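Chains as they are written, first to last, in the numbering used here: chain A, 443 to 633; chain B, 443 to 633.
What follows is a set of notes on a single structure, which appears directly below.
Number of protein chains: 2
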Amino acid sequence: MEPHSHFPAIVAFYRTHRRMPTYREIMRMAGFRSTNAAAKLVKKLLAAHLIQQDDAGRLLPSRYFSEIRLLGTVEAGIPAPAEEVHLDTINLETHLIRNPQATYLLRVQGESMIDAGILPGDAVLVERRKEAKTGDIVIAEVDGEWTMKVFRKRGRRVLLEPANPHFPTIVPKQHLRIAAVVIAVIRTYPT
Amino acid sequence: MEPHSHFPAIVAFYRTHRRMPTYREIMRMAGFRSTNAAAKLVKKLLAAHLIQQDDAGRLLPSRYFSEIRLLGTVEAGIPAPAEEVHLDTINLETHLIRNPQATYLLRVQGESMIDAGILPGDAVLVERRKEAKTGDIVIAEVDGEWTMKVFRKRGRRVLLEPANPHFPTIVPKQHLRIAAVVIAVIRTYPT
DNA sequence: CTTGACAGTGAACATCTGTTCACCCTACCC
DNA sequence: GGGTAGGGTGAACAGATGTTCACTGTCAAG
Chain A
443 MEPHSHFPAI VAFYRTHRRM PTYREIMRMA GFRSTNAAAK LVKKLLAAHL
493 IQQDDAGRLL PSRYFSEIRL LGTVEAGIPA PAEEVHLDTI NLETHLIRNP
543 QATYLLRVQG ESMIDAGILP GDAVLVERRK EAKTGDIVIA EVDGEWTMKV
593 FRKRGRRVLL EPANPHFPTI VPKQHLRIAA VVIAVIRTYP T
Chain B
443 MEPHSHFPAI VAFYRTHRRM PTYREIMRMA GFRSTNAAAK LVKKLLAAHL
493 IQQDDAGRLL PSRYFSEIRL LGTVEAGIPA PAEEVHLDTI NLETHLIRNP
543 QATYLLRVQG ESMIDAGILP GDAVLVERRK EAKTGDIVIA EVDGEWTMKV
593 FRKRGRRVLL EPANPHFPTI VPKQHLRIAA VVIAVIRTYP T
C-alpha cells in the first residue's frame, strides 16, 4: 500500500475530530498492528510535506488540509480534475482573517462605494481598529451617523471620501470615531 | 482575573500552533504555577462552551475559533465589545462553499466585469459545473480561449456578456465549454 | 469575628504519547 | 543462491498529558 493512499483518511480525521490523529489512531485507520508501522508512514508523509510536526513530535496539519485549491488566473483556465494533485491550496479563513476576536461581517447598504467595487448587498469583513491610514476603507461614526468611506488624512484634516461622484465627501465637524477597517469584501451569488 | 480574559490567548495559540494548548501551556500563558489552576480555568471555559473536549479529555476548538460574528448593516454601526454576547455567528468557509471538492479560487485579470463589481486582482470562488443558467457568471472556454462572462441564453443562442461596455459580447462560434460558475467574489485589502 | 466561596499552589497518579530497538517476512535484483 | 531493501510486528521506554487530592491565602457577606 502506498503511503499517500492513507493521507485522505488522515485529512478526514482532522476535519471530523478537529485535531490530528495520534500514532495509535493512524495505526488503526491504516489497519496496522504496530505503532512503528504508523511511525514509518508518518515519516514518509513528513518527507512529502503532507503533514507537519512540532518540536515535541506532535503532528500538525499542513496547508493541504485546507479546502480550497488555488488556481492561476481566469485566462489560464481550469484544469481537469485528474491534474489537481499538485495544486496549491489555501485556508480561506486564515487567509482572510488575522485577528478573529476583532473581526466582524457587515452588510452594505447604499451605493456610496460603488466605484471601489463594493455594491449594495455585499458583505464586508471588518476588523475593529481605532486608527486608520490614508486609503483604508473605514467604518466610522461621524456626527452621530454610521458610514463606510475611504479614510484620507490631509495634513491635520481628515476626510471621508465616498467612491461615487454622486456622493459628497464628509468632513467631520465635531465627532469622528473610527470603529473598524475593511479588510475584505465578499459577494456571494445565488446558486 | 476573569476566566474569559484568557480565552483570546488560547484562540491565538490555536491559530499559530494549529492545535489546542495543553494544560501546562495554558498554565504558562495565564501565568499560573499549577496545572490545577489551568484545569479550573478550562472547566469554566467548557461551561461557557468556549472550548470543547473529546472523550479522552483532549481540548478541542469550538465554533468560536472559526466563526465570524455577524452584524447588521453598515448604517447600524458596530456595537461595543461588551454587547457582543448575543451576536449571531457564521462559519465563513461553510457559508461560502457548498461543494468543497469542486470549489477553486481564481484570480481575476482584466476589466471586463468591472461594472459587476469584479475588479482586476480580485479572487473569485468558482464551483466546477457544466451547466449554467441565465445571469450566472461563468468561467468558460470559448473557441480555445478562457474567459469569465455573464451567461445568457436567448432562445437557442448563447451569449457571453461582459459587464463593461468597452468589451464585446461573445457569441460562441464553434466551441463553448462551461467549466465553472462563480459563486463568490473575494477582495482583500492590504493591512 | 466567623463563614464560605473562590482562586491558586504543589504534588501525585494512571494513562497516553512519540520514538526506538530487534526481529520477521516478502519481493526483487545480481 | 545470496544479498538487500522495504514494510510490517511486538515490545519497551522516557516523557508528556489530563485529572485529582489536600492545602493555603484572600476577600466579601453575615
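We put the beta carbon where it would ideally sit given N, CA and C, even for glycine.
In this text the structure is predicted, and so the values were computed from the model without any measurement.
task: Would you tell me roughly how many angstroms separate the C-alpha atoms of R403 (chain B) and K615 (chain A), rounded to the nearest one?
output: Any answer about residue 403 (chain B) is impossible in this case: the structure gives chain B only from 443 up to 633.
- request: Closer than 9 Å by beta-carbon distance: list the chain B residues that pair up with I579 (chain A), in chain order.
  value: Those are Y631, listed as they occur along chain B.
message: Does the structure place the segment 485-497 of chain B close enough to the segment 469-477 of chain B that three or more beta carbon pairs sit under 8 Å?
response: The segment 469-477 of chain B is not in contact with the segment 485-497 of chain B.
message: For T536 (chain A) and R596 (chain A), I'd like the C-alpha separation in whole angstroms.
response: C-alpha separation (whole angstroms): 34 Å.
L601 (chain B) vs T611 (chain B) beta-carbon contact at 8 Å: Closer than 8 Å, so yes.
- prompt: Can you tell which of B:H459, B:G563, B:R505 has the C-alpha that lies nearest to the C-alpha of D497 (chain A)?
  reply: Answer by Cα proximity: B:H459.
message: Using a Cβ-Cβ cutoff of 9 Å, what residues of the segment 444-475 of chain B are near chain A? List them in chain order.
response: Result list: F449, P450, V453, A454, R457, H459, R460, R461, M462.
message: I need the straight-line Cα distance from Y471 (chain B) to V584 (chain B), nearest angstrom please.
response: Sequence inspection shows Met at residue 471 (chain B); the Tyr mentioned does not correspond to that position. Their backbone Cα atoms lie some 57 Å apart in a straight line.
message: Mapping the DSSP letters down to three states, classify Q494 (chain A) as helix, strand or coil.
response: The three-state reading of DSSP puts Q494 (chain A) in strand, counting E and B together.
task: Compute the distance between the beta-carbons of V624 (chain B) and Y631 (chain A), then report whether it is under 8 Å.
output: Their beta carbons are under 8 Å apart, which means V624 (chain B) touches Y631 (chain A) by this criterion.
- prompt: Nearest CA to the CA of I628 (chain B): which residue from B:Y546, B:G586, B:H617?
  reply: Of the listed residues, the one whose Cα sits closest to I628 (chain B) is B:Y546.
- prompt: Taking the alpha-carbon positions, what's the Y456 (chain B) to G514 (chain B) distance?
  reply: Taking the straight line joining both Cα atoms gives about 28 Å.
field: Start and end residues, alpha helix (DSSP H) containing R457 (chain A)
entry: Here the alpha helix (DSSP H) through R457 (chain A) covers 449-459.
- request: Could you pull out every residue in the same chain whose Cβ sits closer than 8 Å to the Cβ of L534 (chain A), ignoring the five residues on either side in sequence?
  value: Excluding residues up to 5 positions away in sequence, S508, E509, I510 lie with their Cβ nearer than 8 Å to the Cβ of L534 (chain A) in the same chain.
message: Let's see if you can read the secondary structure: which residues bound the beta strand (DSSP E) around L547 (chain A)?
response: Where L547 (chain A) is concerned, the enclosing beta strand (DSSP E) stretches over 545-549.
- request: Assign K572 (chain A) to one of two classes, buried (16 or more other C-beta atoms within 10 Å of its C-beta) or exposed (fewer than that).
  value: Counting of Cβ neighbours within 10 angstroms places K572 (chain A) among the exposed residues, the total staying below 16.
Chain-ordered neighbours of D496 (chain B) on chain A, where CB pairs are closer than 8 Å: Under the 8 Å cutoff, chain A gives H459, R461.
- prompt: So, is A558 (chain A) buried or exposed, given that buried needs 16 or more other C-beta atoms within 10 angstroms?
  reply: The residue in question, A558 (chain A), is buried, as its Cβ has 16 or more Cβ neighbours within 10 Å.
- prompt: Opposite V600 (chain B) in the DSSP bridges: which residues?
  reply: The partner list for V600 (chain B) (beta bridge, DSSP) reads B:K595.
- request: Would you decide whether H448 (chain A) is buried or exposed? Buried here means 16 or more other CB atoms lie within 10 Å of its CB.
  value: With 16 or more Cβ atoms within 10 Å of its Cβ, H448 (chain A) is classed as buried.
- request: Examine chain B for any beta-carbon lying closer than 8 Å to the beta-carbon of P503 (chain A), and answer yes or no.
  value: So, interface residue.
field: Contacts of T515 (chain A) in chain B (Cβ-Cβ under 8 Å)
entry: Chain B residues near T515 (chain A): L548, R549, V550, Q551.
- prompt: In chain order, what residues of the same chain have a beta carbon less than 8 Å from the beta carbon of N606 (chain A), not counting five sequence neighbours either side?
  reply: Closer than 8 Å at Cβ, skipping near neighbours: E553, S554, M555, I556, D557.
- request: Compare the C-beta of L561 (chain B) against all C-beta atoms of chain A and say whether one is closer than 8 Å.
  value: With 8 Å as the cut-off, L561 (chain B) counts as an interface residue toward chain A.
Local Cβ density within 10 Å of D564 (chain A), reported as buried at 16 or more and exposed below that: Result: buried.
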